[in-house]
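Beneath this line is the structure, given in structure tokens, with notes to follow.
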Amino acid sequence: MNALLALSLKELRLLARDWHGLAVLFAVPVLFILLLSLALRDAFDPAASARLRLQLVDQDRGALARQFAAELKALPGVEFDAQAPVRVTVLPGFSELLATRADLAAELIAGQAEPALLQIDYAASTLPQTRGLAALNVRGALLQVQSDYLFREVLGYPEARRAELRFLGDPRRLPITEAFRDGAGRTVAAPTAVQQNVPGWLIFAMFFAVIPLATSFVVERSQGSLLRLRVLGVPAGTLLLSKALPYYCVNLLQMLVMLAVGIWLVPALGGDRLDPGHSALGLWLLGSATSLAAIGLALCVAVTVRTTLQATIAGGAISLLLAALGGVMVPKLVMPPAMQTLTQLSPMAWSLDGFSRLLVAGGGVHDILPAGGALLAFAAATLALAALLYRHTVQSHPG
1376 MNALLALSLK ELRLLARDWH GLAVLFAVPV LFILLLSLAL RDAFDPAASA RLRLQLVDQD
1436 RGALARQFAA ELKALPGVEF DAQAPVRVTV LPGFSELLAT RADLAAELIA GQAEPALLQI
1496 DYAASTLPQT RGLAALNVRG ALLQVQSDYL FREVLGYPEA RRAELRFLGD PRRLPITEAF
1556 RDGAGRTVAA PTAVQQNVPG WLIFAMFFAV IPLATSFVVE RSQGSLLRLR VLGVPAGTLL
1616 LSKALPYYCV NLLQMLVMLA VGIWLVPALG GDRLDPGHSA LGLWLLGSAT SLAAIGLALC
1676 VAVTVRTTLQ ATIAGGAISL LLAALGGVMV PKLVMPPAMQ TLTQLSPMAW SLDGFSRLLV
1736 AGGGVHDILP AGGALLAFAA ATLALAALLY RHTVQSHPG
């Protein structure tokens, strides 16, 4: 019993001396609670899930088009926003068609009316719940406009009587076209879960290389290998690049394996197949930029920590926090608008946006230039910082 107590006290003293590791053990759960609670706030809020932001484009500019806009905006939870992911376009001829076709009501019910009266365009990343809610509200507003006109102009019901009547029919069988579009307005396929998970966890795996890289760096320093290299005159840049090159190759192999899982293994188990897009060059460039950003961050951690425990805790904590903030653990689409803005602080979010442009929107090299450029700038900054820290800290204290 005395031996158990003595050894336990020894472990507590060792832990108490490691303030960095101790702080991470308490700080990381607190940050996770804050980030994930804020990110998932709307997902667990029935009122928030009923809110709908729409863009409305009126190409008709007729009286019934204006009535449709008023009916749509009056629906509970609907608000107009020029930056919303769902755009509703009132097509030319909307008012004229509704006003001159008294028999349109029957065709609306039967789903035979041509041409379409409305066009709904969804951003490629729009959630299924949002798409369903948008379509339901748009169809409901269109039915109400048609019913009001029918009762008022054709059947001659007074306003008090019209309020008691509703236009009946199946709102899913209306002449409304729907499509998914990317940022350039091109039609794309509906997004799937595998398109979120494969790139998301691929990016996370690349950044998680911080743990083995930092750990090996600490081990070499404790064994005196870094001191011997310094005595031999090996420059800091050469040493850091010798660490980066193997992990770059491993990261690209990770990308190939994860893409193969999404393309072949997931559908074999009954899931959706990952569409790899149409730009192998774009995938390589974005994967390379992501890998370099992850390696730069890993090297910054490696030259800063002093023990393998610090390397494991700090490296893991940083990777997990960047994943939580960057939309890997919680998709950006379910976050409140304020949290969606904060995701841009994480390089994982930049990479995820680039992969979305390639795999969801079917884009090419020019589509991933903003994300790739940001990742390369981050990589250059972190690699330069790692070299600076190595020269001023590691060389001064090789042990």
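Everything in the sequence shown is counted per this note's numbering, starting at 1376 for the first residue and increasing by one.
Beta carbons: idealized from backbone N, C-alpha and C, even for Gly.
- Taken atom to atom, the span from the alpha-carbon of A1568 to that of F1592 is near 37 Å.
- In the DSSP annotation of this structure, the continuous segment of the beta strand (DSSP E) that includes V1465 starts and ends at V1461 to V1465.
- Under the three-state reduction of DSSP, R1441 is assigned to helix.
- Here P1467 has Q1434 and D1435 as same chain residues with Cβ atoms under 7 Å from its own Cβ, once five neighbours each way along the sequence are excluded.
- Between the C-alpha atoms of S1721 and T1757 there is a straight-line separation of about 14 Å.
- Here the region 1685-1703 makes no contact with the region 1620-1639; the two share fewer than three CB pairs at distances below 8 Å.
- A contact between stretches requires three or more CB pairs, one per stretch, nearer than 8 Å, and the region 1679-1697 meets this requirement with the region 1581-1597.
- Check the Cα spacing between L1733 and each of L1763, A1635 and L1660: the tightest is with L1660.
- Per DSSP, reduced to three states, the secondary structure at Q1434 is coil, with no helix or strand assignment.
- Bounds of any beta strand (DSSP E) do not take in V1594; it lies within the alpha helix (DSSP H) bounded by V1585 to Q1598.
- Pairing V1705 with T1505, the inter-Cα distance amounts to about 17 Å.
- As the crow flies, the alpha-carbon of P1651 is around 7 Å from that of I1638.
- Apart from sequence neighbours up to five positions away, the residues of its chain that approach T1590 with a beta-carbon distance below 7 Å are T1683, A1686 and T1687, ordered along the chain.
- Looking only at R1428, D1523 and Y1524, the smallest Cα-Cα distance to D1496 is reached by R1428.
- Around the CB of R1596, 16 or more other CB atoms lie within 10 Å, so the residue is classed as buried.
- Straight-line spacing of the CA atoms in C1624 and K1707 works out to 29 Å.
- In this structure Q1442 touches V1520 by the C-beta definition: roughly 5 Å separates them, less than 8 Å.
- Collapsing the DSSP output to three states places L1614 in a helix.
- Closest option to S1694, judged by alpha-carbon separation, among C1675, P1621 and L1450: C1675.
- Within its own chain, the residues whose Cβ lies closer than 7 Å to the Cβ of W1725, once the five positions on either side in sequence are excluded, are A1746, A1749 and L1750, listed in chain order.
- Counting the other Cβ atoms within 10 Å of the Cβ of A1664 gives 16 or more, which makes it buried.
- Rounded to whole angstroms, N1626 and A1761 show a C-alpha spacing of 20 Å.
- Here L1764 is near V1678, since their CB atoms are less than 8 Å apart.
- Residue pairing by DSSP places A1713 opposite no residue, since no beta bridge is assigned to it.
- Boundaries of the beta strand (DSSP E) harbouring V1453: V1453 to F1455, taken from the DSSP string.
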